[in-house]
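Single-structure report; data block below.
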Amino acid sequence: MDATSLATLWATIALLIFLGAVIYLKVPGMLAKSLDARAAKISAELEEARKLREEAQQLLGQYQQKRKEAEKEAADIVAAAKREAELLASEAAKKTEDYVARRTALAEQKISQAEREAVSEVRASAVDIAVEAARALLAAKVDAKAGADLFKSALNDVKAKLN
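All residue numbers for the sequence shown refer to the numbering used here, where the first residue is 275 and numbers rise by one.
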């Protein structure tokens, strides 16, 4: 045997002893157990990640639903505010129209009253002038006593006709 063969033989024997020790110490079982444990850990982490993803999707759905509800509520609030503003505007317009109508009626009443007062003043002045003219005419034509009697009767006639 030459040296290379001898070295190969000893290397083979050492390899077999090593493999025997590895098998005797149950290293493949420990490796398998370690790999199984690592696979189980990875599997558990994947399952946890899947659960977290599902929870995140569920939360996302809830938040999207809440956002939709909030948008609808905001739209309802805006619509209610618009309706209220329109109602207030129409009430203000109606109140303004009523106010203008009342003021117009009041002004017309004042104008009518002023016209009646003016007509009454003109009539009173005309009566006073007519009475004075009649008195002057009668005074010139009739003596004092007869004139006074005629004046009183004419004055009573005029007063009776005016009332």
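Glycine included, C-beta positions come from ideal geometry on N, C-alpha and C.
Query: Report the rounded CA-to-CA distance for residue 352 versus residue 363, giving the unit in angstroms.; Result: 16 Å
Query: In whole angstroms, what separates the C-alpha of residue 344 from that of residue 308?; Result: 53 Å
Query: With DSSP as the reference, label residue 300 as helix, strand or coil.; Result: coil
Query: If you check the beta carbons only, do residue 408 and residue 434 fall under 8 Å apart?; Result: no
Query: Return the CA-CA distance between residue 294 and residue 306, expressed in angstroms with no decimal places.; Result: 17 Å
Query: Return the CA-CA distance between residue 284 and residue 312, expressed in angstroms with no decimal places.; Result: 37 Å
Query: For residue 278, I'd like the list of residues in its chain whose CB is within less than 6 Å of its CB, leaving aside the five on either flank, ordered along the chain.; Result: none
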